[in-house]
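Visitor: Take a look at this one; I'll ask things after.
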Amino acid sequence: MFLDSFLFALSHLSRLPVPAVPFREESLGRSTAFFPLVGLLFGLILAVFWWLAGWLFPSQVIAAMIVVGLVVLTGGIHLDGFMDSVDGLFSGRPRERKLEIMRDSRVGAFGVLAVVCLFLLKFTLLLGLSANVLFEMLLLVPVLSRWGMTFAIFTFPYARPEGLGKLHTIYTGKKELLLATFTAAVVAGFTLGPAGLWLMALSGALTLLLGKAVTVELGGLTGDVYGAINEMLEVVLLLASYVFFRVSSSIL
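This note's numbering numbers the first residue of the sequence shown as 17 and each following residue consecutively.
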């Protein structure tokens with residue numbers, strides 16, 4: 017059961033080769049428990065790549081390659097959700113029409129502009145971090161952003177009557193949230209100590225704010241919104257690292 021759920025999480029959140037497992041709704045639904053573990057795998061891959069690339073390329077090239085590398089690892093699934101969410105939520109239409117826009121495979125102008133801004137922010141934030149901080153954030157950010165998705169799935173209702181996200185909502189209970197939270201907290205504490213736990217608390221607070229705002233608009237969340245939460249958390253956590261380490265250095 018646990019192995020199947022982990023493999024479902026890995027196949028759903030990444031484009032890494034995964035052994036085929038028999039489809040069971042419960043295994044798929046409970047895979048949210050392993051979202052942070054998949055994030056840790058991404059972080060390890062990115063951190064190793066950053067270390068190796070540092071021997072060959074300048075920092076600007078490495079920052080761009082990290083942004084692109086994360087897209088390659090995930091297949092852009094969260095970016096697609098981010099663009100669809102922006103198109104729907106900022107359309108100014110009624111609830112049902114917003115959900116229709118978000119389901120549409122075509123991307124609108126709002127979504128394109130938003131993802132360009134997102135890429136610029138990620139690139140600039142990665143480029144400006146010092147080497148030791150960047151290594152730690154590469155490990156931690158993918159974990160906390162995917163923990164935020166599990167937290168959102170557990171906390172808020174699903175806005176549609178059907179869909180993969182509905183299965184996650186049904187089967188993500190306290191045990192799944194506890195396992196995901198434990199994984200994220202261990203990684204946060206190991207990488208940055210108390211600072212990592214503060215960043216985890218920030219992730220939880222932002223997830224609650226975003227989830228509440230979208231629930232008011234749509235009556236719940238969707239798979240696209242989960243992806244948007246992941247993308248927003250990645251940017252905010254990188255931005256927060258600047259604030260935290262600048263404050264810490266000024267105190268010390």
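All residues carry an ideal CB built from backbone N, CA and C; glycine is no exception.
#1: Is the beta carbon of Y174 sitting closer than 8 Å to the one on G181?
#2: Could you have a look at L237 and say whether DSSP puts it in helix, strand or coil?
#3: Going along the chain, which unbroken runs of the alpha helix (DSSP H) with 4 or more residues stay wholly within the stretch 116-181?
#4: Give the DSSP-derived three-state secondary structure of T188 in the structure shown.
#5: I need the boundaries of the alpha helix (DSSP H) containing G209, first residue and last residue.
#6: Roughly how many whole angstroms lie between the Cα atoms of S27 and I117?
#7: Taking the continuous alpha helix (DSSP H) assigned at W71, which residues delimit it?
#8: Please work out which residues of its chain come closer than 6 Å, Cβ to Cβ, to S254, disregarding the five sequence neighbours upstream and downstream, and give them in chain order.
#9: State buried or exposed for F73, treating a residue as buried only when at least 16 other CB atoms are found within 10 Å of its CB.
#10: By Cβ distance, which residues of its chain are closer than 8 Å to G179, with the 5 residues on each side in sequence left out?
#11: Along the chain, where does the alpha helix (DSSP H) that runs through F106 open and close?
#12: Which residue from I82, L68, M153, L57 puts its Cα closest to that of L136?
#13: What three-state label does DSSP hand L36 in the structure shown?
#14: For a quick check, are the C-beta atoms of A168 and Y242 less than 8 Å apart?
#15: In angstroms with no decimal places, state the Cα-to-Cα distance between V87 and L68.
#16: Could you check if E192 is buried or exposed, using at least 16 other CB atoms within 10 Å of its CB as the buried criterion?
#17: Do you know how far the Cα of E250 is from the Cα of V259?
#18: Please state the DSSP three-state secondary structure of T48.
#19: Once the 5 residues before and after F126 are set aside, which same chain residues still bring their CB inside 7 Å of it?
#20: Classify S30 as helix, strand or coil using the three-state DSSP reduction.
#21: For F22, I'd like the list of residues in its chain whose CB is within less than 6 Å of its CB, leaving aside the five on either flank, ordered along the chain.
#22: Excluding five sequence neighbours on each side, which residues of the same chain lie with their C-beta closer than 7 Å to the C-beta of A196?
#23: Between V34 and the rest of its own chain, which residues show a CB-CB distance below 8 Å, the 5 nearest in sequence each way excluded?
#24: So, using beta-carbon positions, are E247 and H94 closer together than 8 Å?
#25: If V203 and V149 are in contact, beta carbons under 8 Å, what's the gap, nearest whole angstrom?
#26: Does the distance from the C-beta atom of V64 to that of S30 stay below 8 Å?
Guide: Taking the geometry as given:
#1: A contact, by the Cβ cut-off of 8 Å.
#2: strand
#3: Entirely contained in the stretch 116-181, the alpha helix (DSSP H) runs reaching 4 residues are, in chain order, 125-144, 147-171.
#4: coil
#5: Here G209 belongs to no alpha helix (DSSP H), and DSSP marks it neither H nor E.
#6: So the alpha carbons of these two residues sit roughly 26 Å apart.
#7: Premise fails: W71 is in no alpha helix (DSSP H) and is neither H nor E.
#8: Residue identity differs from the one stated: residue 254 is Leu in this sequence, not Ser. Hits under 6 Å: L141.
#9: exposed
#10: Within the same chain, G179 has close Cβ partners T238, G239.
#11: Under the DSSP assignment, F106 falls outside any alpha helix (DSSP H); it carries neither an H nor an E label.
#12: I82
#13: Residue 36 is actually Ala in this sequence, not Leu. Coil, per DSSP.
#14: yes
#15: 19 Å
#16: buried
#17: About 15 Å.
#18: Helix, per DSSP.
#19: Setting aside the 5 residues that flank it on each side, F126 is surrounded in the same chain by V102, D103, F106, each with a C-beta closer than 7 Å to its C-beta; the list follows chain order.
#20: coil
#21: F50
#22: T48, A49, F51, P52, W163, T166
#23: Here the set comprises L23, L26, S27.
#24: yes
#25: Not a contact, Cβ separation roughly 16 Å.
#26: no
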